[in-house]
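Remarks on the structure that follows.
Residue numbers (this note's numbering): 3 to 102.
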């Protein structure tokens with residue numbers, strides 16, 4: 003039976019950590035590694051959970067050779083060109099300000 007759950011999350015961040023075998027094409031894990039994602043998750047757990055839920059994903063469809071990609075909901079904002087997790091932390095802080 004399907005059960006509907008209500009969680010306390012205000013925003014959900016999808017972080018692309020996609021890695022391609024064909025390295026001639028852009029992929030996010032060049033800029034945001036699994037290890038960096040784990041570090042970001044720990045930072046979030048300490049600072050913003052349960053308001054912010056983080057999920058690592060494969061390709062979000064807006065690949066950018068200049069950096070990684072994240073998608074934020076419920077705003078529907080996509081951010082590309084991310085070079086490090088500090089930029090994702092800033093995105094989280096800014097998105098939280100927008101919903102208060």
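Glycine residues also receive a C-beta, built at the ideal position from the N, C-alpha and C atoms. Quick caveat, the model's predicted, so the values are computed rather than measured.
If you measure between the beta carbons of residue i and residue j, is that distance less than 7 Å?
{"i": "residue 83", "j": "residue 68", "result": "yes"}
{"i": "residue 13", "j": "residue 72", "result": "no"}
{"i": "residue 19", "j": "residue 34", "result": "yes"}
{"i": "residue 43", "j": "residue 62", "result": "no"}
{"i": "residue 93", "j": "residue 81", "result": "yes"}
{"i": "residue 17", "j": "residue 39", "result": "yes"}
{"i": "residue 97", "j": "residue 74", "result": "yes"}
Taking the C-alpha atoms as reference points, what is the distance between residue i and residue j?
{"i": "residue 36", "j": "residue 30", "result": "10 Å"}
{"i": "residue 52", "j": "residue 11", "result": "6 Å"}
{"i": "residue 50", "j": "residue 59", "result": "20 Å"}
{"i": "residue 9", "j": "residue 46", "result": "16 Å"}
Taking DSSP as the reference, what is the three-state secondary structure of residue i?
{"i": "residue 65", "result": "coil"}
Which residue marks the beginning of the alpha helix (DSSP H) containing residue i, and which one marks its end?
{"i": "residue 8", "result": "Segment: none, residue 8 is in no alpha helix (DSSP H) and carries neither H nor E."}
{"i": "residue 97", "result": "87 to 101"}
With residue i as the anchor, note down where its beta strand (DSSP E) starts and where it stops.
{"i": "residue 83", "result": "79 to 84"}
{"i": "residue 16", "result": "13 to 18"}
Complete runs of the alpha helix (DSSP H) confined to the stretch 33 to 59 [at least 4 residues]: Segments of the alpha helix (DSSP H) lying fully in the stretch 33 to 59: 36 to 49.
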